[in-house]
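First to last, the sequence lines map onto chains A and B.
Going by our numbering, the first sequence runs without a break in its numbering and finishes at 291.
Going by our numbering, the second sequence runs without a break in its numbering and finishes at 1357.
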Amino acid sequence: MFCKVYRWLIGCSVDDGRGPGRMTSAHMRNCQGCRRYYEVQFEADRALKKGRVPQESADPMGPRAVMRALPGKDAALRKQPAHLRGYRRWAIASVFVIASFSIAALIFSRGLSPEPAPHEITKQQDLPEFALPSRSKIDDVMIRYSIEKELENLSSDIKSVARFFAEHSDSLILTEQTGEN
Amino acid sequence: MEPDKELVEKARCGSVACFEELVQRYYEDVFRFIVSRVGNRQDAEDITQTAFLNVYKGIESFDTRYSFKPWLFSIAHNSMVSYLRRKKPNEEFYDSCCPRPSHEKKVDDADHAELVWRAARKLAPDQYSVLWMRYNEEMDNRTIARAMNKSYANVRVLVHRARNNLSRILNEEK
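The following block contains the structure:
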């Protein structure tokens, strides 16, 4: 039932070059499969330790062949050292960040400037279409401008009426008393 | 002798001489690893050279915190696997250059080594590479795990299975 676990432990004990533990030994006394597994692992380990590499020597010209075959040896081995390549990356990144901040600042400064009067807008008619404010914005400014003018005119009318009443108040009171129109 | 780490750092910065020093230092090891599995000297030379070219191409991605040798062996293993996928190993050629020891005569240590590693060639490439790194290069399981891009437990399982299969193959050959 626990043979899988015991076999794992057997393998590990052979790996570490020590004998099986107390519980593993007890299990192996009753389990022939695990005992066989231990023998196989132990024998293979011993054979491999004993059987060091067959000594095949390489062609002494092999390393030279590798060096000759290096792709674009002069170009590929970069002129610039690795630590400077990092700086170049940072320089490009910082230029990019500065440029994007400048563009953003330019856009915001345009957006926050006071709205031009209608006559200023009309002066800008020479500009290309994409540079002009939108149609609805122009309408909005025009309406507001005309209302302000109206109010200005109205206030000047009220002022003149008040002035008229002030100047002719005596004669008006007299006319009311006598019942003349 | 300059340590590997310094040579690798200099090779990364463009020193051809340092890269050449690394090639000189490890060419023999990689060649022996490959020829023992592939069984053909000419192909083994080609694969070894391909492996070193791959090392050259990928040396920038190498993490210098780790040891160079396991990384080199991982590249050699990958080059060997892609070769084995393309082509079956040439058993006849291997037999002609390294004659099979007969079981009748007394088997000495060299013949025994020959027998064991010949039998190991029948294992899957992963199992073979794991056994090679463990028993010939004497790498520990953690280093092998890093080289093979596998977990520690996975490497242990591979070693156990490889030993089991090797024992079976040796018994079949007797």
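Glycine included, each C-beta is placed from N, C-alpha and C at the ideal position.
Note that the structure is predicted; figures quoted are calculated from it, not measured.
What separation, rounded to the nearest whole angstrom, lies between the Cα atoms of A:C144 and A:I120?
8 angstroms
Is B:N1223 buried or exposed, if buried means 16 or more other CB atoms sit within 10 Å of its CB?
buried
Within chain A, the residues that B:E1321 reaches when beta carbons sit closer than 7 angstroms
Those do not exist, as B:E1321 stays about 10 angstroms from chain A at its closest Cβ, beyond 7 angstroms.
Specify whether the region 1232-1240 of chain B and the region 1295-1310 of chain B touch according to this definition: at least 3 beta carbon pairs, one from each stretch, less than 8 angstroms apart.
no
Just to confirm before moving on: does the CB-CB distance between A:V176 and B:L1267 stay below 8 angstroms?
no
Once DSSP output is grouped into helix, strand and coil, what is the label at B:A1307?
coil
Quick check on B:L1341: buried or exposed, where buried means 16 or more other Cβ atoms within 10 Å of its Cβ?
buried
Does the distance from the C-beta atom of A:D169 to that of B:E1211 stay below 8 angstroms?
no
Any chance the region 1310-1323 of chain B sits against the region 1331-1345 of chain B, with 3 or more Cβ pairs inside 8 angstroms?
yes
Output the distance between the C-alpha atoms of A:S210 and A:A203, rounded to the nearest integer angstrom.
11 angstroms
Three-pair Cβ contact test at 8 angstroms for the region 1239-1250 of chain B versus the region 1342-1349 of chain B
no
I'd like the list of long-range same chain contacts for B:D1187, defined as Cβ closer than 6 angstroms, with 5 residues on each side in sequence excluded.
F1251
Neighbour-count burial assignment, B:E1287, 16 or more Cβ in a 10 Å radius
Low local confidence applies: a pLDDT of 43 at B:E1287 is under 50, so the model's placement there is unreliable, with the coordinate-based value given in what follows. Per the 10 Å Cβ criterion, exposed.
Of the residues B:A1296, B:Y1239, B:G1241, B:A1303, the one placed nearest B:I1352, counting alpha carbons only
B:A1303
Locate the alpha helix (DSSP H) running through A:H278, then write down its first and last residues.
Taken as a continuous stretch (DSSP letters only), A:H278 belongs to no alpha helix (DSSP H), as it is neither H nor E.
Give every residue of the same chain whose Cβ lies closer than 7 angstroms to the Cβ of B:F1202, excluding the five residues on either side of it in the sequence, and list them in chain order.
A1194, Y1239
Taking the C-alpha atoms as reference points, what is the distance between B:P1253 and B:R1325?
10 angstroms
Give a yes or no on whether the minimum CB-CB distance between B:T1247 and chain A is below 8 angstroms.
no
Alpha carbon of A:P250 to alpha carbon of A:S219, nearest angstrom:
According to the sequence displayed, residue 250 of chain A carries Asp and not Pro. Near 21 angstroms, if we compare the C-alpha coordinates of A:S219 and A:D250.
Around the C-beta of A:E255, are 16 or more other C-beta atoms found within 10 angstroms, so that it is buried, or is it exposed?
Per the sequence presented here, residue 255 of chain A reads as Tyr, with Glu not at that position. Per the 10 Å Cβ criterion, exposed.
Could you list which residues in chain B have their beta carbon closer than 8 angstroms to that of A:K159, in chain order?
Y1318
Got a sec? Which residues, its chain only, sit under 7 angstroms from A:I257 by beta carbon, not counting five neighbours each side?
none
Tell me, to the nearest whole angstrom, how far the beta carbon of A:C122 is from that of B:R1339; I am working on the premise that it is less than 8 angstroms.
7 angstroms
DSSP-derived helix/strand/coil call for B:M1184
coil
Is B:V1313 close to chain A? Criterion is C-beta to C-beta, closer than 8 angstroms.
no
Indicate the three-state DSSP secondary structure (helix, strand or coil) for B:R1208 in the structure shown.
helix
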